[in-house]
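Student: Before we start, here is the structure in question, set down as structure tokens.
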Amino acid sequence: MHEKRKKYYHIRKDLFWCTILLAVSFLIGYAIHQHHGIFLTHSLKADAPKERIEITFDDLQSSLNDISTCYLCGSSDYSMMDYYRKFDTVGLISLNDWHVLDFQLKAYDESGNEILNKTSSNMLFGNTGEITYSSHGDVSRGMAEIDITLPENYKLNKRNLTDHLCQSCLDKVAASLEYWKYEDEKKEPIPLCLVDFKTLDIYSLQDYYRSVFIRDYYVEMGFEEISVEVKTFYLPKR
Ligand SMILES: [Zn+2]
Numbered sequence: 260m261h262e263k264r265k266k267y268y269h270i271r272k273d274l275f276w277c278t279i280l281l282a283v284s285f286l287i288g289y290a291i292h293q294h295h296g297i298f299l300t301h302s303l304k305a306d307a308p309k310e311r312i313e314i315t316f317d318d319l320q321s322s323l324n325d326i327s328t329c330y331l332c333g334s335s336d337y338s339m340m341d342y343y344r345k346f347d348t349v350g351l352i353s354l355n356d357w358h359v360l361d362f363q364l365k366a367y368d369e370s371g372n373e374i375l376n377k378t379s380s381n382m383l384f385g386n387t388g389e390i391t392y393s394s395h396g397d398v399s400r401g402m403a404e405i406d407i408t409l410p411e412n413y414k415l416n417k418r419n420l421t422d423h424l425c426q427s428c429l430d431k432v433a434a435s436l437e438y439w440k441y442e443d444e445k446k447e448p449i450p451l452c453l454v455d456f457k458t459l460d461i462y463s464l465q466d467y468y469r470s471v472f473i474r475d476y477y478v479e480m481g482f483e484e485i486s487v488e489v490k491t492f493y494l495p496k497r
């Protein structure tokens with residue numbers, strides 16, 4: 260009988276294990292390297308601080324010739340500020356159409372005189388073409404709220420500001436419009452601001468603010484995609 264001879268490769272036992280070990284560690288090393296590569300790129304994308312940039316409006320130049328018609332400090336048929344300037348309270352301005360809303364914290368008559376001892380609560384709704392709003396005030400408690408809905412893809416109309424504000428009022432409004440965004444983010448300034456009817460100071464309604472004290476009025480703001488909710492409280496010092 261011819262016995263089929265099996266062929267064996269003779270290799271020293273220790274050399275054999277050595278080779279296996281080398282091969283395995285090479286594979287592991289390769290795997291770690293690959294994985295680490297992915298991990299690195301991944302973590303770079305996730306953790307690298309995204310650049311946030313500040314958008315300012317310092318360069319806005321007023322083109323208003325007759326400054327007595329300034330929408331904020333002057334008088335114009337297109338601005339209600341003339342009337343509201345007599346108020347002690349605060350308001351909100353829709354900048355794209357300069358629609359001024361009063362927080363109904365106190366009651367006033369038609370000529371802007373405060374009606375004392377009036378304890379009514381009022382609800383107002385409206386659509387100015389630029390914004391939809393609802394305004395509610397409880398005079399007896401000194402609290403009021405205005406909710407604004409902006410149009411989808413709202414955009415600030417700078418022309419409306421440069422055409423109708425004197426340079427000094429324009430500067431105040433421009434300062435209130437500063438906001439932050441990521442470099443590649445599509446984000447517009449919210450075309451709204453707060454106004455102190457008494458001092459004509461302007462306060463920001465950009466979405467990184469949460470609250471502000473305007474004299475004795477405490478203002479709280481909340482922001483959603485295209486809606487802004489502003490609550491005000493009359494909190495005089497005791
Ligand atoms: Zn002005």
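The opening residue of the sequence shown carries number 260 in my numbering; numbering runs sequentially from there. In this text, a Cβ means the ideal position worked out from N, Cα and C, and glycines have one as well.
What does DSSP give as the partner residues of Ile473 in its beta bridges?
Tutor: According to DSSP, which records beta bridges pairwise, Ile473 is partnered with Tyr476.
Student: Leaving out five residues on either side along the sequence, give the residues of the same chain with a beta carbon under 7 Å from the beta carbon of Ser435.
Tutor: Once the five neighbours on either side are set aside, the close Cβ partners of Ser435 are Cys452, Ile461, Tyr462 and Ser463.
Student: Quickly, what does DSSP pair Phe482 with across the bridge? List them, please.
Tutor: According to DSSP, which records beta bridges pairwise, Phe482 is partnered with Val487.
Student: Please report the straight-line C-alpha distance between Phe456 and Met339, rounded to a whole angstrom.
Tutor: About 11 Å.
Student: Please indicate yes or no: does the CB of Gly333 lie closer than 7 Å to some heavy atom of ligand 1?
Tutor: Because some heavy atom of ligand 1 lies under 7 Å away, the Cβ of Gly333 counts as near it: yes.
Student: Please report the distance separating the alpha-carbon of Val398 from that of Lys309.
Tutor: Taking the straight line joining both Cα atoms gives about 46 Å.
Student: Can you list, in chain order, the residues of its chain whose CB lies under 8 Å from that of Ser322, leaving out five sequence neighbours each side?
Tutor: Same-chain partners within the cutoff: Thr421 and Asp422.
Student: Taking 7 Å as the cut-off, does the CB of Ile461 come closer than this to any heavy atom belonging to ligand 1?
Tutor: Because no heavy atom of ligand 1 lies under 7 Å away, the Cβ of Ile461 does not count as near it: no.
Student: Check whether the Cβ of Ser338 lies closer than 7 Å to any heavy atom of ligand 1, and answer yes or no.
Tutor: Result no, Cβ not under 7 Å from ligand 1.
Student: In three-state terms, what does DSSP make of Asn419?
Tutor: Residue state, collapsed to three classes: helix.
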